[in-house]
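Here's the structure we're looking at; comments come further down.
In the working numbering, the protein residues as written are 111 to 230.
Now the structure itself:
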């Protein structure tokens, strides 16, 4: 996953991961590149060049891409490059401040729940 320091959001980082793994690791390493630069959800990372360098998928690992336009462009590019998108499906506007899904169990445990917006 690209939750590394630095974030795997460029062909330089991907190439380093692939090369280093070949040198020292007895196991195969299949790097996953970030969807967005720095996994910040704002601007697409260099997905095409990362694919050429060896990524096998894209993800912002644990961080949702809240900008729908950016996410759509990422999915279109991933489709064209034939790589999967591993998405953290969460709307931070809905889950902000919650600990778990709101319901009987959250009340019983005394934990703040994520609220669902009801259709009107």
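Cβ atoms here follow ideal geometry from the backbone N, Cα and C, with glycine treated the same way.
Query	Result
Three CB pairs or more closer than 8 angstroms across the stretch 162-171 and the stretch 193-201	yes
Spatially closest choice to residue 136 from 128, 143, 142, by CA coordinates	128
The alpha helix (DSSP H) enclosing residue 127, as first and last residue numbers	121-134
Cβ-Cβ distance between residue 184 and residue 121 below 8 angstroms	no
Residues of its chain near residue 154, where Cβ-Cβ distance is below 8 angstroms and the 5 sequence neighbours each way are ignored	145, 146, 147, 180, 183, 184, 187
Three-state secondary structure assigned by DSSP to residue 222	coil
Own chain, CB closer than 7 angstroms to residue 230, minus 5 neighbours either side, in chain order	Because residue 230 sits at a pLDDT of 45, beneath the cut-off of 50, its placement in the model cannot be relied upon, and the following sentence gives the value as read from the coordinates. Once the five neighbours on either side are set aside, residue 230 has no close Cβ partner at all.
Boundaries of the beta strand (DSSP E) in which residue 193 is found, first to last residue	Residue 193 -> no beta strand (DSSP E), and no H or E assigned at all.
Per DSSP, cross-strand counterpart(s) of residue 154	146
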